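**Student:** Residue numbers (the working numbering), protein chains in the order written: chain A, 27 to 339; chain B, 61 to 327. Note that the Cβ used here is the ideal one computed from N, Cα and C, for glycine as well. Since we're looking at a predicted model, the values are computed, not measured.
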Ligand SMILES: Nc1ncnc2c1ncn2[C@@H]1O[C@H](COP(=O)(O)OP(=O)(O)O)[C@@H](O)[C@H]1O
Ligand SMILES: [Mg+2]
């Protein structure tokens with residue numbers, strides 16, 4: 027296990043006592059892409075900050091490649107690459123200088139740092155913008171530079187905090203490709219996200235985290251399996267008082283594994299059986315069916331089943 | 061390993077400074093240049109060569125106000141460089157951009173990253189002092205009396221003063237919010253300069269005892285008195301006191317600054 031987290035706890039502020047991380051255990055296998063999925067305020071950034079030696083834990087222990095991040099922080103940093111939530115590129119230096127000096131910080135000789143910089147600019151398609159300053163870059167490009175810089179000293183683990191926050195769809199896909207490419211270089215990736223598509227698309231394993239605790243941890247496929255349904259029907263109704271009655275009726279339809287009340291209607295979890303759609307619609311029509319969406323069961327569904335809340339809330 | 065990371069940080073700062081060499085030189089020169097021009101050139105000409113300042117006679121035989129100002133202005137340049145080299149960039153790097161994060165993530169203990177800031181700033185201060193010296197020596201209309209009794213003493217004072225300035229910059233840069241940095245100039249930097257025995261020797265404060273003892277808490281006093289002792293025949297504090305107090309302020313401000321740096325960097 028390249029990343030080992032044991033009983034991690036973080037309470038901010040001695041008086042007010044905001045518990046951001048509340049007893050987290052994690053094991054990340056070498057070479058994996060690992061996702062921490064959870065809503066805002068779940069404690070993802072705090073967990074990553076502790077793992078990357080930038081925040082001290084209240085209790086618990088983190089080992090990166092066997093090195094304790096509190097007791098031997100400088101040593102542990104050699105194995106760690108970080109791309110934080112915000113842009114930390116050095117605004118006084120060009121793109122290539124950002125990477126070059128980062129290599130020097132990690133003990134590269136000047137020729138080695140030069141060679142490594144050229145290699146990374148090439149790999150991340152940044153050669154044309156090598157002499158640009160960070161302020162001149164779009165969000166997507168800046169994100170790519172940050173990833174290139176973070177892996178320039180050849181860390182064992184790369185931590186990405188909300189890598190696609192604020193990126194347009196095209197840049198997001200380019201970023202996903204860059205992250206997938208890291209797998210071939212044997213770099214383990216630990217990333218946080220509150221986009222379930224992203225966790226599903228990229229990660230080998232996902233831990234769903236809420237209020238500083240891990241709720242479940244598994245492969246995306248197994249997590250979706252655990253819901254016991256392939257389709258999710260979201261029904262929006264005019265007739266709110268009739269919801270319990272409708273739930274009871276829907277549950278009796280063959281193929282429906284679960285029907286539950288939501289804010290303004292009913293959510294139906296079902297297997298993808300033929301004819302189910304018309305059964306659901308005819309059952310709901312008398313209750314003033316306004317609108318309906320049908321989606322595949324996703325990690326979002328898993329989260330809702332576990333917490334009763336939406337990931338975006 | 062640590063040494064290489066430290067050298068890398070230093071090199072990065074050097075590189076950025078090199079790009080801003082011209083603004084750096086202007087910043088260093090402007091204040092002493094105008095001060096010297098008005099007080100040691102323009103005013104003496106107006107009053108027909110009479111010494112403008114009662115302390116001038118304390119500068120020793122024949123030396124004018126320029127002799128008093130020479131070490132004082134060097135001390136101001138040292139202190140301003142410390143603030144400009146550390147406090148201003150740090151306030152920005154700790155601000156919304158958090159640029160400092162990448163440097164804090166290098167394989168060095170956090171205190172060493174802070175220490176690099178102090179050392180780099182000290183280098184800038186030494187350069188600033190060397191730029192001011194010829195200005196302060198050649199501009200005054202009454203010849204300045206400069207004489208080095210002991211080179212080792214002068215060099216030690218110059219280095220200590222520069223390091224103290226860097227430590228002061230680190231303390232200020234980590235203690236204040238970026239929006240307040242302008243205010244700090246008004247309420248901290250300007251007063252400690254004016255009350256820092258820059259424009260008069262400490263001994264000349266004798267008629268105002270409360271002030272003479274009050275200014276002893278000001279680190280600039282020991283910078284200007286130290287350079288005064290090392291460079292000119294003027295009256296000055298005892299050498300041992302100057303060195304001891306500079307060491308004290310280096311330890312005290314260095315400790316405060318590094319502590320502040322830890323507080324800002326670690327959650
Ligand atoms: N520096 C801090 N001081 C006090 N509270 C904090 C600090 N950083 C985060 N928190 C609190 O800790 C909780 C978890 O935050 P965070 O780790 O940023 O979550 P996430 O990254 O999952 O959105 C939130 O309630 C947040 O308000
Ligand atoms: Mg976060």
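Taking the continuous alpha helix (DSSP H) assigned at residue 283 of chain A, which residues delimit it?
**Tutor:** No alpha helix (DSSP H) holds residue 283 of chain A; the beta strand (DSSP E) holding it covers 282-288.
**Student:** For residue 105 of chain A, count neighbouring C-beta atoms within 10 Å of its own C-beta (all shown protein chains included) and say buried if the count is 16 or more, exposed if not.
**Tutor:** By the 10 Å Cβ count, residue 105 of chain A comes out buried.
**Student:** Cβ-heavy atom distance between residue 104 of chain B and ligand 1 below 8 angstroms?
**Tutor:** No - ligand 1 has no heavy atom lying nearer than 8 angstroms to the Cβ of residue 104 of chain B.
**Student:** Our contact map puts residue 294 of chain A next to residue 276 of chain A with C-beta atoms below 8 angstroms; I'd like the distance itself, whole angstroms only.
**Tutor:** Residue 294 of chain A to residue 276 of chain A, Cβ: 6 angstroms. Contact.
**Student:** Return yes when at least one heavy atom of ligand 1 lies under 8 angstroms from the C-beta of residue 156 of chain B, else no.
**Tutor:** no
**Student:** Any residues whose CB sits closer than 6 angstroms to a heavy atom of ligand 3? List them in chain order?
**Tutor:** Judged by which ligands are present, ligand 3 is missing from the structure shown, whose ligands are ligand 1 and ligand 2.
**Student:** Hey, quick one: how far does the beta strand (DSSP E) through residue 115 of chain A stretch, first residue to last?
**Tutor:** Per DSSP, residue 115 of chain A belongs to no beta strand (DSSP E) and is neither H nor E.
**Student:** How about residue 188 of chain A: is its Cβ closer than 8 angstroms to a heavy atom in ligand 2?
**Tutor:** yes
**Student:** Would you kindly work out how many angstroms separate the C-alpha atoms of residue 319 of chain B and residue 82 of chain B, rounded to a whole number?
**Tutor:** 33 angstroms
**Student:** By the 9 angstroms beta-carbon criterion, what residues does the stretch 161-172 of chain B contribute toward chain A?
**Tutor:** 161, 162, 163, 164, 165, 166, 167, 168, 169, 170 and 172
**Student:** With a Cβ-Cβ cutoff of 9 angstroms, do residue 107 of chain A and residue 179 of chain A count as a contact?
**Tutor:** yes
**Student:** For a test of the three-state rule: what should DSSP assign to residue 233 of chain B, helix, strand or coil?
**Tutor:** helix
**Student:** Quick one, which of B/290, B/225 and B/292 has its alpha-carbon nearest residue 308 of chain B's?
**Tutor:** B/225
**Student:** Between the stretch 105-119 of chain A and chain B, which residues of the former have CB atoms less than 9 angstroms from a CB of the latter, in chain order?
**Tutor:** 106, 107, 108, 110, 112, 113, 114, 115, 116, 117, 118 and 119
**Student:** So residue 282 of chain B and residue 252 of chain B are supposed to be a Cβ contact under 8 angstroms. How far apart are they, rounded?
**Tutor:** Not quite, the Cβ-Cβ distance comes to about 12 angstroms (not below 8 angstroms), so this is no contact.
**Student:** 9 angstroms is my cut-off, CB to CB: does residue 184 of chain A come that close to chain B?
**Tutor:** no
**Student:** Mapping DSSP to helix, strand and coil, what is residue 154 of chain A?
**Tutor:** Shown here, residue 154 of chain A sits in a helix according to DSSP, grouped into three states.
**Student:** Please confirm if residue 269 of chain A has its CB atom under 9 angstroms from at least one CB of chain B.
**Tutor:** For residue 269 of chain A, the answer is no, since every Cβ of chain B falls outside 9 angstroms of its Cβ.
**Student:** Please tell me whether residue 100 of chain A has its Cβ less than 9 angstroms away from any Cβ of chain B.
**Tutor:** So, interface residue.
**Student:** According to the neighbour-count rule (16 or more other Cβ atoms, all chains shown, within 10 Å of its Cβ), is residue 321 of chain A buried or exposed?
**Tutor:** exposed
**Student:** Give a yes or no on whether the C-beta atoms belonging to residue 296 of chain A and residue 272 of chain A are separated by under 9 angstroms.
**Tutor:** no
**Student:** So, does the CB of residue 67 of chain B fall closer than 9 angstroms to a CB anywhere in chain A?
**Tutor:** Yes, contact with chain A.
**Student:** Measuring straight from C-alpha to C-alpha, what distance separates residue 316 of chain B and residue 231 of chain B?
**Tutor:** In this model, residue 316 of chain B and residue 231 of chain B are separated by some 6 angstroms (Cα to Cα).
**Student:** Measure the C-alpha to C-alpha separation of residue 134 of chain B and residue 192 of chain B and round it to an integer number of angstroms.
**Tutor:** 6 angstroms
**Student:** Since residue 133 of chain A meets chain B, which of its residues come closer than 8 angstroms, beta carbon to beta carbon?
**Tutor:** Chain B residues near residue 133 of chain A: 61, 64, 65, 68 and 167.
**Student:** Assign residue 111 of chain B to one of three DSSP states: helix, strand, or coil.
**Tutor:** Note that residue 111 of chain B has pLDDT 49, beneath the 50 cutoff, so the model's placement of it is unreliable and no number is given.
**Student:** Who does residue 316 of chain B pair with in a DSSP beta bridge?
**Tutor:** Note: residue 316 of chain B is not bridge-paired with any residue in the DSSP secondary-structure output.
**Student:** Residues of chain A with a CB under 8 angstroms from the CB of residue 157 of chain B: which are they?
**Tutor:** 112, 113, 114 and 117
**Student:** Starting from the C-beta of residue 99 of chain A, find all residues in its chain whose C-beta is less than 7 angstroms away, skip the five residues before and the five after it, and write them out in chain order.
**Tutor:** 79
**Student:** Is there a C-beta anywhere in chain E that falls below 9 angstroms from the one on residue 72 of chain B?
**Tutor:** This model lacks chain E altogether; the protein chains it does include are A and B.
**Student:** So which residues of chain A does residue 76 of chain B contact, with C-beta pairs closer than 8 angstroms?
**Tutor:** 118 and 119
**Student:** With which residues is residue 53 of chain A paired in a DSSP beta bridge?
**Tutor:** A/30
**Student:** Please say whether residue 296 of chain B and residue 289 of chain B have beta carbons closer to each other than 9 angstroms?
**Tutor:** yes
**Student:** For the stretch 138-226 of chain A, list the alpha helix (DSSP H) runs that are entirely contained and at least 4 residues long, ordered along the chain.
**Tutor:** 165-176 and 195-210
**Student:** If we cut at 9 angstroms on Cβ distances, does residue 323 of chain B have a partner in chain A?
**Tutor:** no
**Student:** Run the CB neighbour count on residue 233 of chain B, radius 10 Å, all protein chains shown included, and call it buried at 16 or more, exposed below.
**Tutor:** The residue in question, residue 233 of chain B, is buried, as its Cβ has 16 or more Cβ neighbours within 10 Å.
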